[in-house]
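Its first residue numbered 811, the sequence shown is counted upward by one per residue in the numbering used here. Cβ atoms here follow ideal geometry from the backbone N, Cα and C, with glycine treated the same way. One structure is given here, and the rest of the page talks about it.
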Amino acid sequence: DKVTISVIKADIGGWPGHSRVHPQLVETAEEVLSKAVEEGTLIDFYVATCGDDLQLIMTHKKGVDSPEVHGLAWKAFEEATKVAKELGLYGAGQDLLKDAFSGNVRGMGPGVAEMEITLRKSEPIVTFHMDKTEPGAFNLPIFRMFADPFNTAGLVIDPNMHMGFRFEVWDILKHKRVILNTPEEVYDLLALIGAKSRYVIKRVYPKEGHKIAKDEPVAVVSTEKLYEIAGEYVGKDDPVAIVRAQSGLPALGEVLEPFAFPHLVSGWMRGSHNGPVMPVPMHQANPTRFDGPPRVVALGWQISPEGKLVGPVDLFDDPAFDGARQKAVEIAEYIRRHGPFEPHRLPLEDMEYTTLPGVLKRLEDRFEKIE
Ligand code: 13P
Ligand code: 13P
Ligand code: MG
Ligand code: MG
Ligand code: MG
Ligand code: MG
811 DKVTISVIKA DIGGWPGHSR VHPQLVETAE EVLSKAVEEG TLIDFYVATC
861 GDDLQLIMTH KKGVDSPEVH GLAWKAFEEA TKVAKELGLY GAGQDLLKDA
911 FSGNVRGMGP GVAEMEITLR KSEPIVTFHM DKTEPGAFNL PIFRMFADPF
961 NTAGLVIDPN MHMGFRFEVW DILKHKRVIL NTPEEVYDLL ALIGAKSRYV
1011 IKRVYPKEGH KIAKDEPVAV VSTEKLYEIA GEYVGKDDPV AIVRAQSGLP
1061 ALGEVLEPFA FPHLVSGWMR GSHNGPVMPV PMHQANPTRF DGPPRVVALG
1111 WQISPEGKLV GPVDLFDDPA FDGARQKAVE IAEYIRRHGP FEPHRLPLED
1161 MEYTTLPGVL KRLEDRFEKI E
C-alpha cells in the first residue's frame, strides 16, 4: 500500500520585490487544496513558503506525475496568481511559463520533487525548501547525508546502511542520466556532482539487500532549469527536496548536519552571484540583503499510517544552527566586497542575464588587434 509525497512549488509573485510570499497567496492555495482533500484527490497537504516561493506539500494515492495532482497544483498557482495580480505583487505569475495546463507541470515552470513509497512502521521525512539558488545546491548536502562517513556516522556503524546507496545523477544540459554506486564509485560521483551547474543529483536509492526496496527513492530533488525552458531569464529554480530518515537511512540529525556548513551556491542577486546558503526557520526565510543570501528551510514530518502529514516541525529553528547563520553572514560580508568581480559574480555562461553582448557590440569598432 503506497503513498505519494509531492512537493510542487512556484514563485507566483514576490512581496516586496523577490523577498517573500504574501499571506493571501498562502490562503488562496490552502482553499484550493482543502477542496481537493474534501473531494478525495489529496489525503493531506501543507502550504509552506521559502522567500518568494510558494510550496505545496501534498500526500495522495495517485503516484508520481499524476495529471490530477499536477493539475491541482497548477490550479492553486493560477488562483494565487490572480490574487498576486490584484495586489500588484512583483513578478505575478513569474514561474507559470505556459498559458494552459497539459497534464504535467514538468517543463511548465514550477519545481517538482515527488516520491511514491511503501510506508514503513514509522516514516520520518524532511522536506527542504531553498530560495535564491539552483538545484545543484543540493549536491553537496545530499552527498554528505548518504555517502560521507564524516557526516553520517550510520554509514560506518549501522549494519543496515553499511552497504551504501545508489545515486541517480542528471546531466541537465544533455538530458541524460547515470546511476552511480557508493562507496565504490565515490570519486566518479564527485567528479560529476562537483560541477553542480551541470550534473545534479536527482534521486538516491537503496542498494539490493536494504530493508527498503531498491526501486523506491529515499531522496529526491527538483531539477527544473527555468532558463532553459523559457529561453530567457525568469529567475533561478529555487529547488526543493524530500529526504526519508532513520532505520537504515541517515538519522534525522545526519540529514540536517550538512547544513551546519553554509556552503557556497549560485543564485542570489539576479540569479548571477555565488554566496553561502543560510539554514533558517520559515519566519526567517525572507532574503533581503542583496536579495539574499540564499536560504534553506527544513520541515520535519512523520507520515501517519493513513498518509497524513504530521507536522511541520521547523527544524532549523534551533540555536545549534546559529553558528551556521553567523558564518553565512560573515561569508556574505566577505564575498560581497568583490562587487561585480568573479567569483562573487558568476562566470559569463552561468549568469542569468548579462549586458556583455551589448557592450561588445558597442565597442566592436574600437577593439584593435594586438601585434
Ligand atoms: P534515541 O535513543 O533518542 O531514539 O536516538 C537514537 C538515534 O539513533 C539518534 O541518532
Ligand atoms: P527569485 O528566483 O527568487 O524570484 O529571485 C530572482 C532574483 O533576481 C533575485 O535577485
Ligand atoms: Mg521572485
Ligand atoms: Mg525565489
Ligand atoms: Mg525563482
Ligand atoms: Mg528514540
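Does DSSP classify residue i as helix, strand or coil?
i: Asp-811; result: coil
i: Gly-1121; result: strand
i: Phe-887; result: helix
i: Ile-807; result: Residue 807 lies beyond the stretch modelled for the chain, which goes from 811 to 1181, so this question has no answer here.
i: Val-966; result: helix
i: Gln-1094; result: helix
i: Met-918; result: coil
i: Arg-830; result: coil
i: Asp-821; result: coil
i: His-880; result: helix
i: Gly-946; result: helix
i: Phe-1069; result: helix
i: Asp-981; result: strand
i: Pro-1089; result: strand
i: Gly-1081; result: helix
When the Cα atoms are used, what is the spatial distance from residue i to residue j?
i: Glu-978; j: Val-1010; result: 9 Å
i: Ala-1130; j: Lys-895; result: 40 Å
i: Ser-829; j: Met-973; result: 43 Å
i: Asn-970; j: Gly-827; result: 47 Å
i: Val-1028; j: Val-1123; result: 20 Å
i: Phe-975; j: Pro-993; result: 8 Å
i: Ala-890; j: Gly-964; result: 43 Å
i: Gly-1085; j: Asp-909; result: 34 Å
i: Ile-1022; j: Lys-931; result: 12 Å
i: Arg-1176; j: Val-1169; result: 11 Å
i: Ser-1076; j: Ala-1005; result: 12 Å
i: Gly-819; j: Gly-1019; result: First, the amino acid is wrong: residue 819 is Lys here, not Gly. Their Cα atoms are separated by approximately 34 Å.
i: Ala-1095; j: Ala-1134; result: 14 Å
i: Ile-1052; j: Gln-1112; result: 13 Å
i: Pro-1103; j: Gln-1056; result: 31 Å
i: Lys-1012; j: Glu-1181; result: 50 Å
i: Ser-844; j: Leu-1173; result: 58 Å
i: Ala-883; j: Gly-919; result: 12 Å
i: Gly-850; j: Gln-865; result: 20 Å
i: Thr-838; j: Lys-892; result: 10 Å
In terms of residue numbering, what span does the beta strand (DSSP E) encompassing residue i cover?
i: Met-868; result: 863-870
i: Gly-921; result: 921-928
i: Lys-1012; result: 1009-1016
i: Asp-941; result: 933-941
i: Lys-986; result: 986-991
i: Glu-1064; result: No beta strand (DSSP E) contains Glu-1064, which is instead part of the alpha helix (DSSP H) from 1062-1066.
i: Gly-1077; result: 1074-1077
i: Arg-1105; result: 1105-1113
i: Phe-855; result: 854-860
i: Arg-1054; result: 1050-1054
i: Val-1031; result: 1029-1031
One question on the structure: do residue i and residue j come within less than 8 Å of each other, judged by their Cβ atoms?
i: Leu-929; j: Pro-1072; result: no
i: Val-1139; j: Phe-1126; result: no
i: Val-1050; j: His-870; result: no
i: Val-1031; j: Pro-1089; result: no
i: Gly-824; j: Gly-901; result: yes
i: Glu-878; j: Val-857; result: no
i: Thr-937; j: Ile-867; result: yes
i: Glu-926; j: Gly-873; result: yes
i: Lys-1118; j: Ile-853; result: yes
i: Asn-991; j: Glu-1067; result: no
i: Asp-821; j: Asp-1048; result: yes
i: His-1093; j: Arg-1155; result: no
i: Val-1014; j: Ala-923; result: no
i: Ala-886; j: Val-842; result: yes
i: Gly-1087; j: Thr-859; result: Going by the sequence as given, residue 1087 is Val instead of Gly. No, they are not a contact pair.
Alpha helix (DSSP H) containing residue i: first to last residue?
i: Leu-999; result: 996-1003
i: Glu-841; result: 833-848
i: Asp-1132; result: 1132-1146
i: Pro-1167; result: 1166-1173
So does residue i have its beta carbon nearer than 7 Å to some heavy atom of ligand 8?
i: His-828; result: Of the ligands one can find in the structure shown, namely ligand 1, ligand 2, ligand 3, ligand 4, ligand 5 and ligand 6, none is ligand 8.
Of all the CB atoms in chain C, is at least one closer than 8 Å to the CB of residue i?
i: Met-971; result: Structure shown: chain C not included; a single protein chain is present.
May I ask you to verify whether the region 828-845 touches the region 948-956, counting CB pairs closer than 8 Å and requiring at least 3?
Cβ pair count under 8 Å is below three, so no.
Counting Cβ pairs, one atom from each stretch, are 3 or more of them under 8 Å apart for the region 1143-1154 and the region 984-1000?
Not touching, per the Cβ criterion.
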